[in-house]
Amino acid sequence: MFDISKIRIVEDFPKPGIKFFDITTVLNDVESFQELFQALLERARALQPDVIVALEARGYFFSPALALALNIPFVPLRKKGKLPYKTFAEQYNLEYGQETIEVHQDAVKPHQRILVFDDILATGGTAAAAARLMQHFNPEKIDFLFLMELSFLNGKAQIADFHTESLIVV
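Just so you know, we're using the working numbering here: the sequence shown kicks off at 19 and counts up by one.
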């Protein structure tokens, strides 16, 4: 079982009252990084996705490598204005503001099994926006995989219609 104490908790970041779970400490520890990656890969493989979609920016720490290990495409979801081609966009609320994410309109083929990955499921706003974006592609199914779920924020309720797995639940 992964030692959660290896994840640094930063109080009052990015604003007062927010508790930020900093996974860079795990990325700097090769053994922990490998342990988490292998556990995520096992879960991702079991879901049998055709494509992995990940949220900017911390979702990118694991997802391209997961896609390569599974021999499937990786699709980045980016913040508004960062993608150069035609996009679909969705706005959502964070614990500390509002944001928009986009995806290229040709990034996913219709009827694919999509695995959406992000590092942390908090309030669920980002995940729900990702689900709405993926609906544009008429997928066979959408699954979610998270490194960590902050269950006290009840974000899972926002994506209750989808299969969701979290490696660590706090």
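Virtual Cβ for every residue (Gly too), placed ideally from N, Cα, C.
Whose C-alpha, out of Glu49, Ile36, Ile70, Gln52, is nearest the C-alpha of Asp161?
-> The count along the sequence shown starts at 1 and reaches residue 161 at position 143. It is Ile70.
In the structure shown, what three-state DSSP assignment does Gln116 receive?
-> Translated into positions along the sequence shown, residue 116 becomes position 98. Strand.
Assign Phe31 to buried or exposed, taking buried as 16 or more other Cβ atoms, counted over all protein chains shown, within 10 Å of its Cβ.
-> Numbered from 1 along the sequence shown, position 13 holds the residue referred to as residue 31. Burial call: exposed.
Would you call the CB atoms of Leu163 and Phe135 closer than 8 angstroms?
-> Counted from its first residue, the sequence shown places residue 163 at position 145. Counted from its first residue, the sequence shown places residue 135 at position 117. Their beta carbons are under 8 angstroms apart, which means Leu163 touches Phe135 by this criterion.
Can you list, in chain order, the residues of its chain whose CB lies under 8 angstroms from that of Lys24, leaving out five sequence neighbours each side?
-> Position 6 of the sequence shown, counting from 1, holds the residue named residue 24. Cβ neighbours of Lys24 beyond the five flanking positions: Thr43, Val44, Asp47, Ser50.
Indicate the three-state DSSP secondary structure (helix, strand or coil) for Leu151 in the structure shown.
-> Translated into the one-based positions of the sequence shown, residue 151 becomes position 133. Of the three classes helix, strand and coil, the one that applies to Leu151 here is helix, per DSSP.
Determine the closest residue to Leu65 out of Ile177, Ile132, Asn156, with distance taken between C-alpha atoms.
-> In the sequence shown, the residue the question calls residue 65 occupies position 47. With distances taken between Cα atoms, Leu65 lies closest to Ile132.
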